[in-house]
Amino acid sequence: MTNKWTAADVPDQTGRAVIITGANTGIGYEAALVLAGKGARVVLAVRNAGKGQKAIDAIARKHPGAAVTLQELDLSSLGSVRKATDALRAAHPRIDLLINNAGVMYPPKQVTRDGFELQFGTNHLGHFAFTGLLLDNLLEVPGSRVVTVASIAHNIRAGIHFDDLQWERSYNRVAAYGQSKLANLMFTYELQRRLAAKGAPTIAVAAHPGISNTELMRHIPGSGLPGFAQLAGLVTNSPAVGALGTLRAATDPAVTGGQYYGPSGFRELVGHPVLVESNAQSHDVAVQQRLWTVSEELTGVKFGI
Numbered sequence: 002m003t004n005k006w007t008a009a010d011v012p013d014q015t016g017r018a019v020i021i022t023g024a025n026t027g028i029g030y031e032a033a034l035v036l037a038g039k040g041a042r043v044v045l046a047v048r049n050a051g052k053g054q055k056a057i058d059a060i061a062r063k064h065p066g067a068a069v070t071l072q073e074l075d076l077s078s079l080g081s082v083r084k085a086t087d088a089l090r091a092a093h094p095r096i097d098l099l100i101n102n103a104g105v106m107y108p109p110k111q112v113t114r115d116g117f118e119l120q121f122g123t124n125h126l127g128h129f130a131f132t133g134l135l136l137d138n139l140l141e142v143p144g145s146r147v148v149t150v151a152s153i154a155h156n157i158r159a160g161i162h163f164d165d166l167q168w169e170r171s172y173n174r175v176a177a178y179g180q181s182k183l184a185n186l187m188f189t190y191e192l193q194r195r196l197a198a199k200g201a202p203t204i205a206v207a208a209h210p211g212i213s214n215t216e217l218m219r220h221i222p223g224s225g226l227p228g229f230a231q232l233a234g235l236v237t238n239s240p241a242v243g244a245l246g247t248l249r250a251a252t253d254p255a256v257t258g259g260q261y262y263g264p265s266g267f268r269e270l271v272g273h274p275v276l277v278e279s280n281a282q283s284h285d286v287a288v289q290q291r292l293w294t295v296s297e298e299l300t301g302v303k304f305g306i
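Everything in the sequence shown is counted per our numbering, starting at 2 for the first residue and increasing by one.
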């Protein structure tokens, strides 16, 4: 292995069943491309079926014969989550790898179909329910993993605002995104603790891409200005490099449960993936457990661990 962990370090994935949310573009697509090329059977769980099919076609052009299928999934709708997981449980009795990658960042104030603030509802609650409803299909699989994509934004104006989780009193899109990404980390750590207590072979791991030049940047102020895309390309990871943290968390044999991978560069903004550390509040066990209980109540999904 080189000093810089790359896609070449991903072990053979033949026979592994992989589900990736939001895999039609960005780092989700790049992760799917690599895993399919390494022999995995990959399911793209995406909201837009047309874009998902284009992603499958693109992967097939690069890896003829790759086993890639599509599952419609709208994480902003618990009804869609339940419908998708019903189909996935039936089609994939054995799931080796679940990558919770999809997300929204900095949108104007919106709510999900179930009335949750869009970022918290999609990035955290949608993935919480999705994982809980699929977990039984991972629990008996040696080496199985749940990888959740977080963000350095968990440090920015973030906290779990239990007194106003849905930002009904006021809305700050940056702080709301930070809350959702902090929730992703807390979910990972609490899930890992529960898996370990059960003695399950499954582990929970987190990763982040640093600053990656993907479609998520479309809501950043100034993103429509001339030259923004060119400038972003100079100071961000490409989606392919941004995906490496996810891929390392998902496949590196040395990874253990509860770890967090991100870029090696300055302030974890860019670079190849290494083991990193999330902030102190993300490790607050009492808040993790309270968030878990609230998430069960809001989604109606209880984990069998």
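Think of the CB as a built atom: it goes at the ideal place given N, C-alpha and C, for glycine as much as any other residue.
No experiment lies behind these values; they were computed from the predicted model shown.
Can you tell me the Cα-Cα spacing of residue i and residue j, whole angstroms?
i: Gly53; j: Asp75; result: 12 Å
i: Ala61; j: Asn25; result: 13 Å
i: Gly23; j: Asn102; result: 6 Å
i: Ser78; j: Phe121; result: 12 Å
i: Arg195; j: Ala130; result: 16 Å
i: Tyr262; j: Asp87; result: 31 Å
i: Pro12; j: Ile204; result: 18 Å
i: Gly104; j: Gly127; result: 10 Å
i: Leu166; j: Lys63; result: 43 Å
i: Ser224; j: Glu297; result: Summary for Ser224: the model assigns pLDDT 41, below 50, so the residue's position carries little reliability; its value from the coordinates is reported in the next sentence. Taking the straight line joining both Cα atoms gives about 36 Å.
i: Ala281; j: Gly246; result: 21 Å
i: Gly16; j: Val35; result: 15 Å
i: Asp10; j: Gln260; result: 18 Å
i: Pro254; j: Gly51; result: 35 Å
i: Pro274; j: Ala151; result: 14 Å
i: Gln231; j: Thr237; result: Interpretation of Gln231 is limited by its pLDDT of 43, a score under 50 that renders its predicted location unreliable; the figure taken from the coordinates is listed afterwards. C-alpha separation (whole angstroms): 10 Å.
i: His162; j: Tyr172; result: 12 Å
i: Ser279; j: Thr123; result: 21 Å
i: Gly66; j: Gly266; result: 36 Å
i: Gly80; j: Gln14; result: 32 Å
i: Lys55; j: Pro264; result: 29 Å
Does the Cβ-Cβ distance between residue i and residue j come in under 8 Å?
i: Ala59; j: Leu45; result: no
i: Met106; j: Tyr178; result: yes
i: Gly211; j: Gly243; result: yes
i: Val206; j: Gly160; result: no
i: Leu99; j: Ile20; result: yes
i: Pro108; j: Arg174; result: yes
i: Ala208; j: Val148; result: yes
i: Arg1; j: Ala251; result: With the chain covering only 2 through 306, there is no way to say anything about residue 1.
i: Leu71; j: Ile96; result: no
i: Ile28; j: Ser213; result: yes
i: Ala91; j: Glu73; result: no
Can you check which of these residues, the options, is closest to residue i by C-alpha distance?
i: Arg42; options: Glu298, His93 and Asn25; result: His93
i: Ser181; options: Lys63, Val148 and His125; result: His125
i: Asp164; options: Gly16, Val35 and Leu292; result: Leu292
i: Ile153; options: Ser283, Val82, Gln167 and Thr294; result: Ser283
i: Asn8; options: Thr294, Asn185, Ala37 and Thr149; result: It should be pointed out that residue 8 corresponds to Ala in this sequence rather than to Asn. The shortest Cα separation from Ala8 among Thr294, Asn185, Ala37 and Thr149 belongs to Ala37.
i: Ala184; options: Thr294, Lys55, Ala18 and Ala198; result: Thr294
i: Ala176; options: Thr252, Tyr190, Ala198 and Asn156; result: Asn156
i: Arg170; options: Glu118, Ser265, Gly301 and Thr189; result: Glu118
i: Lys303; options: Val69, Gly133, Lys55 and Thr189; result: Gly133
i: Leu192; options: Gln290, Ser81 and Gly80; result: Gln290
i: Lys110; options: Ser81, Leu135, Trp168 and Leu299; result: Trp168
i: Val286; options: Met187, Thr237, Val275 and Leu299; result: Met187
i: Gln18; options: Lys39, Gly27 and Gly80; result: Looking at the sequence provided, one finds Ala at residue 18 rather than Gln. The candidate whose alpha carbon is nearest that of Ala18 is Lys39.
i: Thr300; options: Arg90, Gln14, Ala91 and Thr113; result: Thr113
i: Gly144; options: Gly66, Tyr172, Ala151 and Gly200; result: Gly200
i: Val288; options: Thr189, Leu89 and Pro65; result: Thr189
Just to check my reading of the structure: residue i and residue j have Cβ atoms closer than 8 Å, yes? What is that Cβ distance to the nearest angstrom?
i: Trp6; j: Arg249; result: 5 Å
i: Gly305; j: Asp137; result: 6 Å
i: Val277; j: Glu269; result: 6 Å
i: Val142; j: Pro202; result: 7 Å
In the DSSP output, which residue or residues are listed as bridge partners for residue i?
i: Asn101; result: Thr149
i: Asn238; result: Ser213
i: Ile204; result: Arg146
i: Gln72; result: Ala46
i: Thr22; result: Ala46
i: Pro264; result: Pro274
i: Glu118; result: Val112
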